[in-house]
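Sequence lines, in order, name chains A and B. If you count the first sequence from 1, you need to add 441 to reach this note's numbering. If you count the second sequence from 1, you need to add 441 to reach this note's numbering. We treat Cβ as the ideally placed atom computed from N, Cα and C, and that holds for glycine. Single-structure report; data block below.
Protein chains: 2
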Amino acid sequence: MFQRVAIIGLGLIGGSIGLALRRMQAAVEVLGYDFGKGVCDRACRVGAIDQSCDTLADTVGGAELVILATPVGAMHRLLQELAPVLSPGTVVTDVASTKAQVIRWAEELLPENVSFIGGHPMAGLEVSGIDVADAQLFRGRIYCLTPTAHTRPAAVSKVCSLVEILGARVHFLDAVAHDKQVASISHLPFLASVALMNTVAEDRTWDDAALLAASGFRDTARLAAGNPEMYRDICLTNSTAIVDWLDKYIESLEILREHVARHDGHVDEIFRQARQRRLEWQDMQHDAEDDRR
Amino acid sequence: MFQRVAIIGLGLIGGSIGLALRRMQAAVEVLGYDFGKGVCDRACRVGAIDQSCDTLADTVGGAELVILATPVGAMHRLLQELAPVLSPGTVVTDVASTKAQVIRWAEELLPENVSFIGGHPMAGLEVSGIDVADAQLFRGRIYCLTPTAHTRPAAVSKVCSLVEILGARVHFLDAVAHDKQVASISHLPFLASVALMNTVAEDRTWDDAALLAASGFRDTARLAAGNPEMYRDICLTNSTAIVDWLDKYIESLEILREHVARHDGHVDEIFRQARQRRLEWQDMQHDAEDDRR
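Printed below as a string of structure tokens:
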């Protein structure tokens, strides 16, 4: 059981963590803060927090655990503002999609007497905002934790308790490895989707082609509707890994282009490999789904 | 009302056309032929055809309308074999995903006394085979017809009647324009999906990254599970258009790569444009869905 927990940023993720903590009666009190107007009131109303605060200092003062659930673009300034007002012994964690940069900021800016550990819950994020917060959002999901050589055991154990309360599964990994992996399965697919949407829609054939586009196009270009600011922040904080993957992706497309250009009757071997890999991944996903039930 | 209709190839598309024709009592008899063992029997059993035939000659002899619903890779040989056995006055149409090449073959191989018109129903194809054939498959969908300067009015009017029976909407366009448009909204998304799947799965990080992959990856890489032989045939018969789109797509990815590499804080403008275009297309799709109901 936690004493005081503070959540900074009450969107889908912050709000869902608050709801789960309160539903499970896992904290004496959950305090909340959000930079958006009226968000705290809504968070109180839906039961995601016990009390909203007017200042960051009031929110985090005396907290056992502080959860940073703001966009990664707000994180540097937030850590600067939090540094002087955190109580000694407080454990701080975040939920941002990229980890190495956030950890560098935290280790540079936070005082010695607080402990930080980076986290990233892998929960579907097709919607956003406090109004869609859900205590069950993390159930059965993987929750990445990225401790470093400087992370104190107390931080690890407190955030592991939090993950358990959320019903998620802890997955420890190195921050740089995390960033490289999510770049491949999340950031690259987003950019592939954006480039696809813009490529076809920039052409003068689009008005007609749009009529013919069906489910294949719908799915492949779905991520292009993602939050532009969130993905900008991701690109800014994970550019090395993203550029590496883009280079590999472009190379793979160049190879396909050559096969198609020279009418290679064996191009289906590449397609068969992709199909096989996709089906294997799908089977693995289904097994994981079964485990969740 | 048609007299005798012959369907060559009794997969999802051919089978669904047969079911619709028989359900609507729109033909005196529907004869069927398939190269696959046992497919004709199953087609009879599900009611997609009245009678199966042992030879192509028996199937198409005396037919008013012949529908070619085989993979495009089988089309050249099929047209060669049909040429000597078609009856004078027969209208022939196909349902292949690429049109210009098929039309060139048809105009080259079929005798003067039969009429050909290319067609392409835009129906979802996530499954295949006679067992999933559905009389409603084409309801409300666009059905492309690509007449040329050589197409006879009788062919146009007969195939328009067929489209009406299927509950689909005729969409006339030039074959080359068709191939360019479907390359953008169907063939390019497939190749983008294949390259994505292979790029991430070829890396040694994949075993770990696969665990973190969620709905975004699932949708973007879904098409990679498509039928390898079908897409090989598509690449072979539509290579010019596909290569053009791949070049544009790669260029668009190169531009994104540069923005990410130089930490461009305005990269969200590109994302916002893609988002806007995606949402506009989605709205248009919803309107079309409403029209279908």
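Each residue's CA atom was taken as its position, placing A/V617 and A/A461 some 29 Å apart. Of A/L550, A/I458 and A/I454, the smallest CA-CA separation from A/L603 is found for A/I458.
With distances taken between CA atoms, A/E692 lies nearest to B/V635 out of B/H628, B/R483, B/H727 and B/V635. Closest in alpha carbon position to A/S625, among B/L697, B/A633, B/L637 and B/I490, is B/L637. Inclusion of B/M563 and A/A655 in the CB contact set at 7 Å is warranted, their separation being smaller than that value. Of all residues in the stretch 708 to 721 of chain A, only V708, D709, I711, F712, R713, Q714, A715, R716, R718, R719 and L720 come within less than 7 Å of chain B when Cβ atoms are compared, listed by chain position.
Taking a cut-off of 8 Å for Cβ pairs, the stretch 711 to 727 of chain B and the stretch 685 to 700 of chain A do not touch, as fewer than three such pairs fall below it. Excluding five sequence positions before and after A/Y690, the CB atoms of its chain that fall closer than 7 Å to its own CB belong to L629 and A633, given in chain order. Under the Cβ criterion (8 Å, minimum of three pairs), the stretch 527 to 535 of chain B counts as touching the stretch 499 to 508 of chain B. Counting along the chain, the unbroken alpha helix (DSSP H) around A/D648 starts and ends at W647 to L653. In the three-state reduction of the DSSP assignment, B/G514 falls in the helix class, which pools H, G and I. Scanning its chain for C-beta atoms nearer than 7 Å, with the 5 sequence neighbours on each side dropped, one finds around A/L523 the residues L497 and V501, in chain order.
Leaving aside the five residues that flank B/N679 on each side, the residues in its chain whose CB is nearer than 7 Å to its CB run, in chain order, T539, D620, A624 and H628. Residue-level contact check: B/T661 touches chain A, since one or more beta carbons of chain A fall below 7 Å from its beta carbon.
B/V635 belongs to the set of residues whose beta carbon lies under 7 Å from a beta carbon in chain A. The residue from B/A665, B/R445 and B/A702 with its alpha-carbon nearest to that of A/D688 is B/A702. Put simply, the stretch 463 to 474 of chain B touches the stretch 484 to 491 of chain B. At least three CB pairs are less than 8 Å apart. The beta carbon of A/L664 is closer than 7 Å to those of P630, F631 and S634 in its chain, skipping five residues each way along the sequence.
Contact annotation for A/F631 against chain B: G657, T661 and F712 [CB-CB distance below 9 Å, chain order]. Taking the Cα positions, B/G560 is about 41 Å away from A/D728.
Here B/F613 is exposed, its C-beta having fewer than 16 other C-beta atoms within 10 Å.
Among the CB atoms of chain A, none fall inside 7 Å of the CB of B/L453. Just so you know, the alpha carbons of B/R713 and A/Y672 end up roughly 10 Å apart. Separation of the CB atoms of B/H700 and B/I711 is rounded to 7 Å, and the pair is thereby assigned contact status at 8 Å. Contact annotation: the stretch 543 to 562 of chain B touches the stretch 587 to 599 of chain B, with at least three C-beta pairs closer than 8 Å.
The bridge partners DSSP lists for A/C585 are A/H561 and A/H612.
Per DSSP, A/D535 is one residue of the beta strand (DSSP E) stretching across V532 to D535. Relative to the Cα of B/G514, the nearest Cα in the group B/I448, B/L527 and B/A537 belongs to B/A537. Scanning A/G608, A/L472, A/V597 and A/V480 for the CA closest to the CA of A/V555 turns up A/V597. Annotation for B/E670: the continuous alpha helix (DSSP H) segment containing it runs P669 to T678. Annotation: Cβ neighbours of A/R698 in chain B (cutoff 8 Å, chain order): V684, L687, D688 and I691.
Annotation: B/D728 has no Cβ neighbours in chain A at a cutoff of 7 Å; minimum Cβ distance is about 11 Å.
Membership of A/I458 in the alpha helix (DSSP H) is indicated by the continuous run L453 to R464. Nearest to A/D499 by C-alpha distance, out of A/R659, A/D644, A/V526 and A/V641, is A/V526. A direct Cα-Cα distance of roughly 59 Å separates B/G581 from A/Q444.
In the structure shown, A/I691 adopts helical secondary structure according to DSSP, grouped into three states.
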